[in-house]
Amino acid sequence: MKHRGRHRRRRRGRALRATLAGTALALTAAATLISASQATVADAPGALKPVSASDGAGRLPLAEHRVPGRWLDRLASEMGRPVGVGTVLENADAPLRKAADCPALEKDSLPVEPAATRAYCFGDSGTRGWRAGAVTTSGDADDDGRWGANRVILSGWTRGAEGGSLDGPAPGQGLAKVAFVDANDPGALRYTWALLAVPVDGGRDYRGLVSPVSGMVWYQDKLLVTTREDDRNALYVYDMDRIQRATVESDAVGRVRGGWAAHGSRFVLPAVGSYTLPGGDDAARPATVSLDRSTSPDSLVAGEWVPADGDRRTRLWRYALSRDPARSGLLATDSSGDADPVEAYETKTADVRGVLAHRTGWYLDRASGSPGGHGTLWRQDTDGARATECGTDETRHCWSGRSGSLSYWEETGEVWSQAGRMLFALPLASIDRALG
């Protein structure tokens, strides 16, 4: 699909916003009452501390590498002509359930204040034994909120990490895949799966990406995905116009007798590139990412994961995205092929699972400190920090319990996230009102 740039006329979703206005789901009542052990008010992290992005704590150059085009062409010649997002959505036949039909245990993990205005849950179709992670949407991909004629949500999952851990991002226990969710009808969301893969052997085969999907951004025709701790690559890059069909139903991955398998997924996304970390075992690593359209040019923001008992502050970075039409969806790089951050900050907020930046505010999703608990959503800037308070004891543990990444759909004004098998959204304006 030919990318349509930001200069074209924006087609705002007025009808959708009108439908959503005043239709907040009665989800707060479904959330578990916060226990006394959760009610302890977290210490405010204070203001963001700007640090130099050119040296010291703020420096994190990412070296860009491309998968050779001949590898991708060879893979396509063997597997068949690549397809686009529209073809994938035509195969979306697994329904997401509306919040009213979701198990109470799943709904208990939703935010308490402010409440979600839309929420859905995944069933067992393709999710048993997998853990949900990052979210991005066609609102990131294109500023009119659509990819072609479609509204789309992408939900990232990691195999072998169901239930997750409170001790950091899920370990790389297995494969990674993405649910392509057809969101054209808000009352009937449906999805199908695409396995994330990496070409090998000169494009004659591919292996599965073995990594927790803790952050991803779909920008223009590229999907950027975070990787595990022992991988020198900070981000893998996927091309949304280079989606391949799997031809054999099998638990295997790659070339098999009779065709190509993707561990049960119908489609495969082969990586087209990556961004590599600087050398050294102590190099920082982006664990969560999101898109910020309030800057010029658009930018990718990233945050690392530091445990609550860590001995240093969490670092945040901002990278400019390229304006070059020949580099659609990629980070802006220098003559050496390095993407350097244009801003960097430190924050006292620890255990950050999601980061979002919009205008002057940074929104940091801090995970719950106990199983079954609720997390905290902080809004920070260089002047201070605020978090929503809820309950009779005014606790700040009001956000999603099983925290996931954050994604802002500019065209509808909604923030999307995941809590376990729950996929939910709420207006950014309601978050700001709750924060005061």
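Going by numbering that gives the first Met the number 0, the first residue of the sequence shown is number 0, and it counts up by one from there. The C-beta atom is built at its ideal place from N, Cα and C for all residues, glycine as well.
Straight-line measurement puts the Cα of A91 at about 30 Å from the Cα of V300. For L61, there is no enclosing alpha helix (DSSP H); the enclosing beta strand (DSSP E) covers residues L61 to R65. According to DSSP, residue pairing for D364 in a beta bridge involves G353 and L376.
With contacts defined by Cβ atoms closer than 8 Å, L276 and A233 form a contacting pair. For S367, the number of other beta carbons within 10 angstroms of its own is at least 16, and it is reported as buried. Counting the other CB atoms within 10 Å of its CB gives S295 a total below 16, which places it among the exposed residues. DSSP, read as helix, strand or coil, puts W304 in coil. Contact annotation: V224 and Y237 have beta-carbon atoms nearer than 8 Å.
Nearest to S293 by alpha-carbon distance, out of S51, V111 and G412, is G412. Here S335 carries a coil assignment [DSSP, helix/strand/coil]. Counting only the Cα atoms, G257 lies some 45 Å from R317. Here T375 is not near L47, since their CB atoms are 8 Å or more apart.
The secondary-structure analysis by DSSP pairs E112 with nothing; it has no beta-bridge partner.
Bridge partners of V224 according to DSSP: M215 and Y235. Excluding residues up to 5 positions away in sequence, E112, P113 and T387 lie with their Cβ nearer than 7 Å to the Cβ of A433 in the same chain. Here G85 is not near P340, since their CB atoms are 8 Å or more apart.
The three-state reading of DSSP puts S210 in coil, since its state is none of H, G, I, E or B.
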